[in-house]
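Residue numbers (this note's numbering), protein chains in the order written: chain P, 1 to 283; chain U, 1001 to 1283.
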């Protein structure tokens, strides 16, 4: 093993475990209703949980109110302060967003005793987990954590990262998920040799096709990808073989437009020389 | 409220809750020792946990062996298969990476009964959480999840995102964290009005300084940032005021080099015109 790799392994540490927690149809309790609580409601709604917001009416931020009104399918509001540990019954996750640190602290202790994952806003020492800055595009989710070193920085880095994305990655991933499901219908079963072959073929597809190419697929062409690819010795078919064409970009966009600035400068140079050479005063 | 915002709120859902789980000095059990298990060991080491790997010697991937040998400070190996639920005693998280799906399934059930968060590799339905593709740069951690729609895609998107980063963000975030700690020493306390003012000032600093500027700070200049900034009506000081200079870039790099290609094309145009106008055949 290379010395570098040995050094790298020895120095691993100092971070968090970044994970995608599954909350579909689970119960989450949010204690507090202010601005931070409104952000928590949005994060938890993203994960399809059922949310109880516990906060006196006067403590509700307009954004929290909006979620309560518009998402009554998922968000229930109890207009009262936290009253005791029976509030935690049935909760699979608890988030506090309170100005009262002592109350936060005691709620965290109750959660620990019941082994309920808990986050207390602004008190990192008490948290089982932190939130980060998020990017969401359909099935694609990205989270940026600075491990408590600066939330503003996380959001600046989010802006930086967003510039590198086309905004169509989510759509492409949706199509890849559909293709994968179709493949699992043809070659069903969990794990084992077949599972490995499925994964290997999907990886080859993702490596050889451009991300944007997957967006072009529909039900019919997905079947063709499986017929011409998976079924034929697990090869990767070309776009042509599955009857899909990339949208034609005209020769104007491909060749003329990119050359325009250069051409303009060239012409400017030529004009300048022409003026100099032809408009000199005659004797 | 705008109609768009109402529509947006109504459509939130379909994702996971991406979080930075805290595992410092906690006990994590990994059942299995193959390639996937080796990736799990690395992820968990990142979060400074204590790891028990449960796997017969024959099931160990070379990478898993490397972690066991080089990180005996954190990784303990028991060379035997999973023997029963007493293996879970003390574990705060359990990960299975096994070919035997029935065993995975029964371990997951035992974890559920004890409310231990659990991930079973390749069986998404059984997981409390998923892993994703990761970027790590000191305190900066980024995770990319496709919500189970394609791990290869997540790693392609990681490559895309990495191109947008300078590789110095981690260093800058470390400095920001240090500055924040110094600020907390001067203005201690959790939450409340002071907490809000601290956060507001740190946000202003991050907004007005470039990310790279923070890298230039040392102990002394950090104190000056607090003296000239926080102490003076919570303003944002300039680099100059805290005695720090950006590395000088010469006027050649700043002005001449970027203009070279344009200048070359201009001269080419001028030359072409000159040749045409002066070398025409004389009658």
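Just so it is clear, CB atoms sit at the ideal spot from N, CA and C, and this is done for glycine as well.
- Among the residues of chain U, none has a CB under 8 Å from the CB of residue 102 of chain P; the nearest is roughly 10 Å distant.
- DSSP, reduced to helix, strand and coil, places residue 1004 of chain U within a helical segment of the structure shown.
- Residues are counted here when their Cβ sits less than 7 Å from a Cβ of chain U; for the segment 103 to 129 of chain P these are 115, 122, 123, 127, 128 and 129, given in chain order.
- Of all alpha-carbon atoms in U:1130, U:1154, U:1265 and U:1189, the one lying nearest the alpha-carbon of residue 1016 of chain U is that of U:1130.
- Ranked by how close their Cα comes to the Cα of residue 1110 of chain U, the residues U:1124, U:1099, U:1068 and U:1093 have U:1093 in first place.
- Excluding sequence positions up to five before and after residue 1193 of chain U, its CB lies less than 8 Å from no other CB in the same chain.
- In the structure shown, residue 100 of chain P falls within a coil segment according to DSSP collapsed to helix, strand and coil.
- Here the alpha carbon of residue 80 of chain P sits roughly 11 Å from the alpha carbon of residue 87 of chain P.
- At a cut-off of 8 Å, the C-beta of residue 255 of chain P has no neighbouring C-beta in chain U.
- Chain order gives the chain P residues near residue 1021 of chain U as 16, 17, 18, 19, 21, 117, 128, 129 and 130, where near means a beta carbon separation below 9 Å.
- Closest in alpha carbon position to residue 176 of chain P, among P:135, P:218 and P:154, is P:218.
- Taking the CA atoms as reference points, residue 1023 of chain U sits about 11 Å from residue 1043 of chain U.
- Closest in C-alpha terms to residue 1178 of chain U, from the list U:1139, U:1155 and U:1121, comes U:1139.
- P:214 is the residue among P:234, P:214, P:262 and P:233 whose C-alpha sits nearest the C-alpha of residue 245 of chain P.
- Within chain U, the residues whose beta carbon sits less than 7 Å from that of residue 45 of chain P are 1012 and 1013, listed in sequence order.
- Per DSSP, residue 1149 of chain U lies in no alpha helix (DSSP H) and is assigned neither H nor E.
- Within the segment 151 to 162 of chain P, 152, 153, 156, 157, 160 and 161 place their CB atoms closer than 7 Å to a CB of chain U, listed in sequence order.
- Shown here, residue 1115 of chain U sits in coil according to DSSP, grouped into three states, outside any helix or strand.
- Taking the Cβ atoms as the reference, residue 1116 of chain U lies roughly 6 Å from residue 1091 of chain U, within the contact range of under 8 Å.
- Residue 21 of chain P is bridged by DSSP to U:1017 and U:1129.
- In chain order, 146, 147 and 149 make up the part of chain P whose C-beta sits under 7 Å from the C-beta of residue 1139 of chain U.
- Put simply, the segment 263 to 281 of chain P does not touch the segment 1005 to 1013 of chain U. Fewer than three CB pairs are less than 8 Å apart.
- Listed along the chain, the chain P residues whose CB falls inside 7 Å of the CB of residue 1048 of chain U are 13 and 14.
- Along the segment 16 to 93 of chain P, the alpha helix (DSSP H) occurs as fully enclosed runs of 4 or more residues at 35 to 46 and 62 to 70, listed in sequence order.
- Between residue 38 of chain P and residue 67 of chain P, the gap from beta carbon to beta carbon is short of 8 Å.
- Taking C-beta separations shorter than 7 Å and ignoring five residues to either side along the sequence, the partners of residue 1040 of chain U in its chain run 1030, 1095 and 1097, following chain order.
- For residue 169 of chain P, the closest Cβ of chain U is nearer than 8 Å.
- Contact of residue 1082 of chain U with chain P is not assigned, every C-beta pair being separated by 8 Å or more.
- Chain-ordered listing is empty here: chain P has no CB closer than 9 Å to the CB of residue 1064 of chain U, the nearest sitting near 12 Å.
- Shown here for residue 1211 of chain U: same chain residues with a beta carbon closer than 7 Å to its own, the five before and five after excluded, namely 1169 and 1172 in chain order.
- Contact with chain P is absent for residue 1053 of chain U, since none of that chain's Cβ atoms lies less than 8 Å from the residue's Cβ.
- By the neighbour-count criterion, in which 16 or more other beta carbons inside 10 Å mark a residue as buried, residue 166 of chain P falls on the exposed side.
- A direct Cα-to-Cα measurement between residue 104 of chain P and residue 120 of chain P gives close to 6 Å.
- Membership of residue 237 of chain P in any alpha helix (DSSP H) is not indicated, and neither H nor E is assigned to it by DSSP.
- For residue 220 of chain P, the enclosing alpha helix (DSSP H) begins and ends at 219 to 225.
- DSSP lists P:142 as the bridge partner or partners of residue 135 of chain P.
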